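A.B. asks: Numbering (this note's numbering) for the sequence shown: 219 to 503. For glycine and all other residues, C-beta sits at the position ideal for the given N, C-alpha and C. Bear in mind that the values here come from a model prediction, so they are computed numbers and not experimental data. The structure that follows is given in the form of structure tokens.
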Amino acid sequence: MPSIPIRANNRRLVLLGAGPAGTESSRRPGVVWLVGAGPGDPDLLTVRAHRVIGGAEVVVHDGLVSDAILDLAPAAARRISVAKRKSRHAYPQDEINRMLTAFALEGLTVVRLKGGDPFIFGRGGEELEACRAAGVTCHVVPGVTAALAASAAAGAPLTHRGAAQAVTFVTGHAKAGETPDLDWPALARANQTVVIYMGLSNAAGIAAHLIAAGRSASTPALIVENASLPGERRLVTTLAGLGDAAGNLTGPALLIVGEAMALAQASIPACLAASPSALPLEQRR
Ligand SMILES: C[S@@+](CC[C@H](N)C(=O)[O-])C[C@H]1O[C@@H](n2cnc3c(N)ncnc32)[C@H](O)[C@@H]1O
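Given below as structure tokens:
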């Protein structure tokens, strides 16, 4: 197997196949594990994820994966962050796919650690397809997606008899200044919960679309920032107040809209979050 150069960050190359020929790792087939790391708190990692991370030879991880979880990997494992940083864009998905399959084709056990669940807005499907196309075995370990952690923390169920007969996960991500192309009339029906991932910067636009499509402006809404992490903040508001409440948050955060959010317990009042100087010192960011 020829050596394959992989750009592990802006400064250096990782050269695969640098070990002596005929070593154990060059003989046995490698594997990619797509592992859900959960929303951040290591306590929310599954037992299987814990075990798989402990057997990693290479860990390729996103920015939302905490150090406490990364530290579960063996000290000798290579750690490669593909997180977006201020100084550069995120890794192109093709490059991540190539990295995963190249390491596995070298015979290594690769753990691709993703925040939440790999198949919920995590591009896990694309990485799975890349592994299949390259003939690399790929296993998926589910993780606790952010919506589950957020609703549990707030004490507000995503489904609730009589108040929420369905729950829909949508993306709020769109080009700057635009709202995503969603089925607004379907999402505007009453008695269902809509969870919006990556919607913080479009919160006002999303709320406007839902209201224009017929959802009541007084529908209860919850924003959870840093669910399960030490800096978790929960704001209870209404659909009409969603944009203002989201104003000063920097995320990661979820917007959750629906009648069942009337049960949500706030950590701080939404009106204070919109004006950080009004917060007690220890809650300012
Ligand atoms: C690219 S998506 C990844 C979702 C992830 N695969 C999951 O299942 O939770 C990133 C978005 O997930 C949400 N998110 C992830 N972790 C979160 C957390 N700890 N608290 C609140 N929202 C979170 C935010 O909306 C963030 O913008």
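Looking at A368: is its Cβ nearer than 8 angstroms to the Cβ of L472?
C.D. replies: Numbered from 1 along the sequence shown, position 150 holds the residue referred to as residue 368. Numbered from 1 along the sequence shown, position 254 holds the residue referred to as residue 472. For A368 and L472, yes; Cβs fall inside 8 angstroms.
A.B. asks: Does ligand 1 have a heavy atom nearer than 7 angstroms to the CB of K332?
C.D. replies: Here residue 332 is taken as the residue at index 114 of the sequence shown, counted from 1. Correct: K332 has its Cβ closer than 7 angstroms to ligand 1.
A.B. asks: Is the Cβ-Cβ distance between A267 and A255 less than 8 angstroms?
C.D. replies: Within the sequence shown, numbered from 1, the residue matching residue 267 stands at position 49. Within the sequence shown, numbered from 1, the residue matching residue 255 stands at position 37. Yes.
A.B. asks: Which of the three DSSP states, helix, strand or coil, is assigned to Q483?
C.D. replies: As a first step, residue 483 is located in the sequence shown; it is residue number 265 there, counting from the start. Q483: coil per DSSP, three-state reduction.
A.B. asks: State the DSSP-derived secondary structure class of T363, mapped to helix, strand or coil.
C.D. replies: Position 145 of the sequence shown holds residue 363. Looking at T363 - three-state DSSP - the assignment turns out to be coil, as it is neither helix nor strand.
A.B. asks: Return yes when the C-beta of M317 is under 7 angstroms from any heavy atom of ligand 1, and no when it is not.
C.D. replies: Within the sequence shown, residue 317 is the residue found at index 99, counting from 1. Flag unset: Cβ of M317 not near ligand 1.
A.B. asks: Our contact map puts T319 next to A348 with C-beta atoms below 8 angstroms; I'd like the distance itself, whole angstroms only.
C.D. replies: Stepping through the sequence shown from its first residue, residue 319 is reached at position 101. Stepping through the sequence shown from its first residue, residue 348 is reached at position 130. That belief holds up - the Cβ atoms of T319 and A348 are roughly 6 angstroms apart, short of 8 angstroms.
A.B. asks: Roughly how far, in whole angstroms, is the beta-carbon of A484 from the beta-carbon of L453, given that I think they are within contact range, below 8 angstroms?
C.D. replies: Along the sequence shown, read from residue 1 onward, the residue named residue 484 stands at position 266. Along the sequence shown, read from residue 1 onward, the residue named residue 453 stands at position 235. Correct: roughly 6 angstroms between the Cβ atoms.
A.B. asks: By Cβ distance, which residues of its chain are closer than 7 angstroms to G469, with the 5 residues on each side in sequence left out?
C.D. replies: Reading the sequence shown from its first residue, position 251 is the one you call residue 469. L418, E443, listed in sequence order.
A.B. asks: Just the C-alpha distance for A445 and R451, rounded to the nearest angstrom, thanks.
C.D. replies: Numbered from its first residue, the sequence shown carries residue 445 at position 227. Numbered from its first residue, the sequence shown carries residue 451 at position 233. So the two alpha carbons sit approximately 7 angstroms from each other.
A.B. asks: Would you please state the rounded distance, in angstroms, between the beta carbons of A406 and A431? I believe it to be under 8 angstroms.
C.D. replies: As a working mapping, residue 406 is identified with position 188 in the sequence shown. As a working mapping, residue 431 is identified with position 213 in the sequence shown. About 4 angstroms; that satisfies the 8 angstroms criterion.
A.B. asks: Going by beta carbon distance, what residues of the same chain come within less than 6 angstroms of A425, once the five residues before and after it are set aside?
C.D. replies: The residue labelled residue 425 in the question sits at position 207 within the sequence shown. Once the five neighbours on either side are set aside, the close Cβ partners of A425 are L457, L460, G461.
A.B. asks: Within 10 angstroms of the Cβ of M219, are there 16 or more other Cβ atoms? Answer buried if so, exposed if not.
C.D. replies: Mapped onto the sequence shown, residue 219 falls at position 1. Interpretation of M219 is limited by its pLDDT of 37, a score under 50 that renders its predicted location unreliable; no figure is taken from the coordinates.
A.B. asks: Who does A439 pair with in a DSSP beta bridge?
C.D. replies: As a position in the sequence shown, residue 439 is number 221, starting the count at 1. Paired residues: T455, V475.
A.B. asks: Within its chain, find whatever has a CB closer than 6 angstroms to the CB of T355; leave out the 5 residues flanking it on each side and keep chain order.
C.D. replies: Mapped onto the sequence shown, residue 355 falls at position 137. The answer, listed in chain order, is V249.
A.B. asks: Compute the Euclidean distance between the alpha carbons of I298 and V358, then round it to the nearest angstrom.
C.D. replies: Counted from its first residue, the sequence shown places residue 298 at position 80. Counted from its first residue, the sequence shown places residue 358 at position 140. Rounded to the nearest angstrom, the two C-alpha atoms are 19 angstroms apart.
A.B. asks: Alpha carbon to alpha carbon, what distance is there between A294 and V253?
C.D. replies: Along the sequence shown, one-based indexing puts residue 253 at 35. Along the sequence shown, one-based indexing puts residue 294 at 76. Those two C-alpha atoms are separated by around 19 angstroms.
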